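Peer 1: Following this message is one structure expressed as C-alpha cells.
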Amino acid sequence: MIPQAAGLLQLTALIAALALAHRPLGDHMARVYSSEKHYAPEKWMYKVIGANPAAEMRWPAYLRGVLAFSAVSVLFLYLLQRMQGSLPGSLGFSSIDPDQAFNTAASFVANTNWQSYSGEQAMGHVVQTGGLAVQNFLSAAVGMAVAVALVRGFARSRTGELGNFWADLVRGTVRILLPISVIGALVLVACGAIQNFSGIHQVGQFTGGTQEWNGGAVASQEAIKELGTNGGGYFNANSAHPFENPNPLSNLFEIFLILLIPSALTRTFGRMTGSLRQGYAILGAMAVIWIGFVALMMWTEFAHRGPAFEIAGGAMEGKETRFGIAGSSIFAVSTTLTSTGAVNSFHSSYTGFGGGITMLGMQLGEIAPGGVGSGLYGMLIMAVIAVFLAGLMVGRTPEYLGKKIGTRQIKLAACYILVTPVLVLGFTAVAMALPTPADSMTNSGAHGFSEILYAYTSGANNNGSAFAGLGADTQWFNTTIGIAMLLGRFVPMVFVLALAGSLAEQKPVPETAGTLRTDKPLYAGLLVGTILIITGLTYFPALALGPLAEGLAS
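FYI, the numbering for the sequence shown is 2 to 555, going by my numbering.
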C-alpha cells in the first residue's frame, strides 16, 4: 500500500472513532457538570479541602479558587522536585535545580508540560508518578472547569453565579478523566507500552560499553498525558520512544485520546445551552481547520524535492519508520492544534513549511479542537468576536446564544486574544536581542530564529512541544518560559471568567427575523475566516522571518 493511501485510511479510522464517541461522551460530560448528586469519594474530598460543593460562586470567587488551587499546586510540585534526592524511589537522581524545578512546576500546573530535561535521566518514580502524573489530571480538570463556567454563562440568565469550582474540579477528575485514563492505560499496555516500577538496569553490549534503561509507570502516565492534552513524556524522546508509543496502532490510539475530550466538549456545550446545533457549528469550524492543517502537512512532507526525499518517499528525517510520514503528520498537527505538546517526531526536522504549520497551529490559540477545556473556551471567545464583526458588517446588534455582545464583552474578548501574542512576540524579541539566549541555538539564520519563536509560542500557548535544537536548560529560558507559561495560562482565564459572569447576568434576548443565525454553515465559515485573519495579521511578520523564509529558500 502506498504511504498516502495508508495515511488516508488512518485519517478515516480516526474520524470514525471520534464520531462514534462524540455523542455518548459529550452527553456524559453534560450530565456530570449538571448533576446535583455527589459520590462518596467526592464527599470525602470536599471534606478534606473544606469546600461546600453546593455553594454557587460568582466569577471573582470562581477565579480565586482557580488561582489559589494552582498556586498551591506549583508550590507542592516545586518542593517535591527540590527534595527528590531525599525521597524513596528517586532512582539515585539528585534534587532538581531551582530554575528547572520552577520551570517544570509551572509547566505541569499550567497544562503546558514543557520539558527542559530528559525524564529518564532526571526524575525518579515519586516525582514522575506522585507529582507530574497527578498534575496531568488536575491541570486538565481546571481547564475543563473554566470552560464549563463559560458555558454556564451563556446558558444562565439574570444571575452572576457560574457553579462551584471545587465541585467542577473533583467531578471532572473522578467521573471523566480517571475512568477513561484507566481504560486508555490498559489499551496501551496491550499495545506494548511498559508499566512497572523497576530501577535502572543495563541492557545489551555496545561498542564502548552498555546502555542503561529505567522503567516506570509509563502507560498510566501516557494515557492521561494524551487524554488531558498535557504532553510531558516519561522519556526524553516522548511519544517517539517505543516504551511510550510502541507501534502504529498505539500511535493512532494516542491521537484519538488527544482529540477525544476537546471534540466531545462541543456536544456538551450544545447540550448545556439547549442548542445542539450551536455545538455542531463550533465542531464544524474546528474540523475544517484540523482537516485543512492535516492535508497541508501531508502535502508538504510527502513532496518529493530532491533525490534524498525521492529515495525516502518524503521528508523522513526526524520521523520514526514505524509511523511514517502520515502517522507523524497527523500526530504533529493534532498535538499543536491542541495544547498537548506530545511529539512522535521532531518538528525541527520537518520541512520549512511543515515546521511553520506546527507553529501556526499553536498561534491560532490551539482551538481546533484545542486543549481540554481551553480549546472550547478559546473557540467561544473567537465566536463572540466573529458575531461582533458580523454585526458591524450587516448593521445588526451582535448577539450570541441570546446574549448581547456589548462593549464590555468585546473588550474582554479582545484582551483574551492579545495576551499570548504579547508574550510570544515580546519574549522572542528580547531573546533575539540579547547575546546569551542566542548561544542556545543549534542553528543560525531562519531556522535558528524558528527555534526560539517556537519555544515561546509553545510556552505561552500552553502547548509544551519542543522544536528541538534549542538548548533550553538555561536560567534564562527556564525562567522566561516558566513566566510565559503561567501568564499564558491564567491571565486569559481572568477574562474568560469575567466574560462568563457578564453573560450570566444578562436576560436572554428573544430571537427575531434580524437575529444572525450562528448555527449555520455560513457562520461557521465566518468563524474560521475570523480565526485565520486575526492570527495571520498578528504573527505573519514573525513567521516570515522564520519558517516561511526557510521554506521558500529550500
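Don't be surprised by glycine CBs; every beta carbon is placed ideally from N, CA and C. If you're wondering where the values come from, they're calculated on a predicted model, not measured in any experiment.
Please name the residue or residues paired with H202 in a DSSP beta bridge.
Peer 2: Looking at the DSSP assignment, H202 forms a beta bridge with W214.
Peer 1: Within 10 angstroms of its Cβ, does D440 collect 16 or more other Cβ (buried), or is it exposed?
Peer 2: That one is exposed.
Peer 1: Please list, in chain order, all residues of the same chain as N239 whose beta carbon is under 6 angstroms from its beta carbon, the five residues on each side excluded.
Peer 2: Closer than 6 angstroms at Cβ, skipping near neighbours: A343, V344.
Peer 1: Let me know the secondary structure DSSP gives E162 once reduced to three states.
Peer 2: Strand.
Peer 1: So, at 7 angstroms on beta carbons, what are the nonlocal neighbours of V190 in its own chain, with the 5 sequence-adjacent residues on each side left out?
Peer 2: Result list for V190: Q196, A220, in chain order.
Peer 1: Does the ligand PLP have a heavy atom nearer than 6 angstroms to the CB of G185?
Peer 2: Ligands displayed in this structure: none; no statement on the ligand PLP is therefore possible.
Peer 1: So the alpha helix (DSSP H) P422 belongs to, where does it begin and stop?
Peer 2: Its alpha helix (DSSP H) spans residues 408-434.
Peer 1: Any idea if N165 is buried or exposed, counting beta-carbon neighbours within 10 angstroms, 16 or more meaning buried?
Peer 2: It counts as buried.
Peer 1: Is T301 buried or exposed, if buried means 16 or more other CB atoms sit within 10 Å of its CB?
Peer 2: Buried, by the Cβ-count rule.
Peer 1: By Cβ distance, which residues of its chain are closer than 7 angstroms to G144, with the 5 residues on each side in sequence left out?
Peer 2: Here the set comprises N112, G372, V373, G374, S375.
Peer 1: Excluding five sequence neighbours on each side, which residues of the same chain lie with their C-beta closer than 8 angstroms to the C-beta of N215?
Peer 2: If we look at N215 and ignore the five residues flanking it on each side, its Cβ neighbours are L92, E121, S199, G200, I201, H202.
Peer 1: Residue range of the alpha helix (DSSP H) that T322 falls in?
Peer 2: No alpha helix (DSSP H) contains T322, which DSSP labels as neither H nor E.
Peer 1: With the cut-off set at 7 angstroms, would you say L78 and G132 are in Cβ contact?
Peer 2: In contact: L78 and G132 (Cβ atoms closer than 7 angstroms).
Peer 1: Return yes when the Cβ of G489 is within less than 7 angstroms of the Cβ of A461, no when it is not.
Peer 2: Taking 7 angstroms as the Cβ cut-off, A461 and G489 qualify as a contacting pair.
Peer 1: Out of E452, N463, F491, which one is the CA nearest neighbour of G472?
Peer 2: Measuring from the Cα of G472, the nearest candidate turns out to be E452.
Peer 1: Are the CB atoms of V385 and Y401 nearer to each other than 7 angstroms?
Peer 2: Their beta carbons are under 7 angstroms apart, which means V385 touches Y401 by this criterion.
Peer 1: Per DSSP, R59 forms a beta bridge with which residues?
Peer 2: E162.
Peer 1: Can I262 and N137 be called in contact, C-beta distance under 7 angstroms?
Peer 2: No.
Peer 1: Closest by CA to T458, which one among D474, E367, S36, L266?
Peer 2: For the residues D474, E367, S36, L266, the minimum Cα distance to T458 belongs to E367.
Peer 1: Output needed for Y540: all residues of its chain with C-beta closer than 6 angstroms, excluding positions within five of it in sequence on either side, in chain order.
Peer 2: Q364.
Peer 1: With W60 and L381 assumed to form a contact (beta carbons below 8 angstroms), what rounded beta-carbon distance in angstroms separates them?
Peer 2: So it is not a contact: roughly 15 angstroms between Cβ atoms.
Peer 1: Taking DSSP's pairing of strands, which residues face L471 in a bridge?
Peer 2: Paired residues: M442.
Peer 1: Only counting the same chain, and skipping five residues up and downstream in sequence, which positions put a Cβ closer than 6 angstroms to that of A52?
Peer 2: The residues are W167.
Peer 1: So if DSSP puts K405 in a beta bridge, which residue, or which two residues, is it bridged to?
Peer 2: Its beta-bridge partners are E400.
Peer 1: Starting from the Cα of P509, find the closest Cα among A501, A543, K404 and give me that residue.
Peer 2: That would be K404, whose Cα lies nearest to the Cα of P509.
Peer 1: What whole-angstrom Cβ distance do E551 and H448 have, given they're in contact under 8 angstroms?
Peer 2: At roughly 6 angstroms, the Cβ-Cβ gap stays under 8 angstroms, so E551 and H448 are in contact.
Peer 1: Once the 5 residues before and after S256 are set aside, which same chain residues still bring their CB inside 7 angstroms of it?
Peer 2: In the sequence as presented, Ser is not what sits at residue 256; that position holds Ile. Result list for I256: L15, I331, F332, S335, in chain order.
Peer 1: Less than 7 angstroms between the beta carbons of A525 and R272, yes or no?
Peer 2: Cβ distance not < 7 angstroms, so A525 and R272 don't count as in contact.
Peer 1: Considering only C-alpha positions, which residue in the set L377, R409, L297, A7 is nearest to F389?
Peer 2: Of the candidates L377, R409, L297, A7, the one whose C-alpha sits nearest the C-alpha of F389 is R409.
Peer 1: Grab me the residues of I411's own chain with a C-beta within less than 6 angstroms of its C-beta, minus the 5 sequence neighbours each way, in chain order.
Peer 2: Result list for I411: F389, in chain order.
Peer 1: Find the nearest neighbour of D100 within the set Q5, S87, S117, judged by alpha-carbon distance.
Peer 2: Nearest C-alpha to D100: S117.
Peer 1: Assuming contact is defined by CB atoms lying nearer than 7 angstroms, are L253 and A501 in contact in what I supplied?
Peer 2: No; because the gap between Cβ atoms is not below 7 angstroms, this pair is not in contact.
Peer 1: Please work out which residues of its chain come closer than 6 angstroms, Cβ to Cβ, to T174, disregarding the five sequence neighbours upstream and downstream, and give them in chain order.
Peer 2: The answer, listed in chain order, is F138, A142.
Peer 1: Can you give the Cα-Cα distance for S36 and L487, rounded to whole angstroms?
Peer 2: Taking the straight line from one Cα to the other gives about 31 angstroms.
Peer 1: Could you give the first and the last residue of the continuous alpha helix (DSSP H) run that contains W115?
Peer 2: No alpha helix (DSSP H) contains W115, which DSSP labels as neither H nor E.
Peer 1: Which full runs of the alpha helix (DSSP H) of 4+ residues lie inside the stretch 484-538, going along the chain?
Peer 2: You should have found no qualifying run.
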